[in-house]
Every structure is written in C-alpha cells, then in structure tokens.
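J.: According to my numbering, the residues represented by the sequence shown are 25 to 136, in order. Yeah, the Cβ is synthetic: ideal placement off N, Cα and C, and Gly gets one too.
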Amino acid sequence: MDCIFCKIANGEIPSKKVYEDSFILAFHDINPEAKVHVLVIPKEHIHSCDFVNKSNSFNVSYIFEKIPEIARLAGITNGYRVITNCGEDACQSVKHLHFHILGGEKLPEQIK
Ligand code: 5GP
Ligand code: ZN
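Structure below.
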C-alpha cells in the first residue's frame with residue numbers, strides 16, 4: 025500500500041522516533057506546529073477515525089494509555105494537546121490514523 029505512515033512504521037522511511045513497540049510508533053512531525061510536535065500512529069493501517077471499529081479500536085485505547093509516557097519522553101512537562109484530523113473538512117493530509125501531541129510551550133487557546 026502506498027501509505028507514507030505505513031512506510032514510516034515499517035522503517036522504509038526514516039523518522040525521529042520517540043517511542044516504539046509492537047503496536048504503535050511515536051515520532052516527531054517533520055513540520056512542527058509547536059515547540060514539541062509528535063505524531064502517534066498505530067502500526068496497523070487504519071484510514072482515519074471513520075474507520076475505527078470493534079476489531080481495531082484497541083489501537084486507539086492503547087495509544088491513549090501510552091500518550092502520557094510519550095509526552096514525557098518527548099520532553100513535555102506542563103501539559104499538551106492531542107488532535108486527530110478526520111477527512112476533507114478537517115484537512116487530514118495523511119490517510120493513516122494519527123494523533124498529534126502538541127506541547128513544550130503555551131499553546132493558543134484554539135487551533136483552527
Ligand atoms: P494531518 O494534516 O493529516 O492531520 O497531519 C499529517 C502530519 O504529518 C503533518 O503535520 C505533516 O507535517 C506530517 N508528515 C507528513 N509527512 C511526514 C513525514 O514523512 N515524516 C514526518 N515525520 N511527518 C510527516
Ligand atoms: Zn498506512
């Protein structure tokens with residue numbers, strides 16, 4: 025499959041890794057929108073939030089279990105924001121479910 029995040033997950037495309045285990049990978053965003061900007065992905069290809077179902081939803085709960093540790097590993101100490109963009113109007117550019125962790129500085133109240 026021609027999916028850039030699948031290629032990052034299997035090591036075909038290099039990334040600056042923050043955390044990895046057999047289910048998920050966390051790496052620094054190539055174009056950071058905050059002082060710390062990490063992406064967390066399931067290794068399994070899931071297109072977006074719209075494609076989360078009973079058989080793959082453990083990936084999402086597992087990612088949220090791990091987010092505090094990933095934020096800590098990335099050097100975040102004073103709070104963070106978690107965002108996922110789903111579909112056209114949200115400007116999802118990579119069609120592989122991912123969660124942005126933004127922090128390392130005071131964030132604006134809203135990111136639109
Ligand atoms: P989206 O707009 O789909 O929610 O977010 C996709 C994110 O992936 C963007 O913030 C973009 O900078 C990041 N991104 C796209 N291609 C790559 C890549 O090859 N490596 C890394 N580390 N990040 C990428
Ligand atoms: Zn993928």
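To the nearest angstrom, how far is it from the Cα of K41 to the Cα of K90?
T.: Cα-Cα distance, rounded: 14 Å.
J.: What is the residue span of the beta strand (DSSP E) that V84 lies within?
T.: Not the beta strand (DSSP E): V84 falls in the alpha helix (DSSP H), residues F82 to L97.
J.: Please list the terminal residues of the continuous alpha helix (DSSP H) segment that includes F123.
T.: Careful: F123 lies outside any alpha helix (DSSP H), inside the beta strand (DSSP E) at F123 to G127.
J.: Pick from S117, V62 and L121: whose alpha carbon is nearest that of E93?
T.: Nearest of S117, V62 and L121 to E93, Cα basis: V62.
J.: Measuring only the C-alpha atoms, how far is P132 from E112?
T.: Going by the C-alpha atoms only, they are around 23 Å apart.
J.: Indicate whether the contact test is met: 3 or more Cβ pairs, each with one atom in the stretch 32-48 and one in the stretch 100-109, closer than 8 Å.
T.: The stretch 32-48 vs the stretch 100-109: no contact.
J.: Which residues, in chain order, sit with a beta-carbon under 6 Å away from any heavy atom of the ligand ZN?
T.: Any residue whose Cβ sits closer than 6 Å to a heavy atom of the ligand ZN makes the list: C27, F29, C30, H69 and H120.
J.: Suppose the cutoff is 6 Å on Cβ atoms and the five residues either side in sequence are ignored; what does the same chain contact list for A50 look like?
T.: Excluding residues within five positions, the ones whose Cβ falls inside 6 Å are V42, Y43, V62, V64 and I94.
J.: Going along the chain, which residues of its own chain have a beta-carbon closer than 8 Å to the beta-carbon of I70, five neighbours each way excluded?
T.: Once the five neighbours on either side are set aside, the close Cβ partners of I70 are V76, N80, N83, H120 and L121.
J.: DSSP state of F29, grouped into three classes?
T.: Looking at F29 - three-state DSSP - the assignment turns out to be helix.
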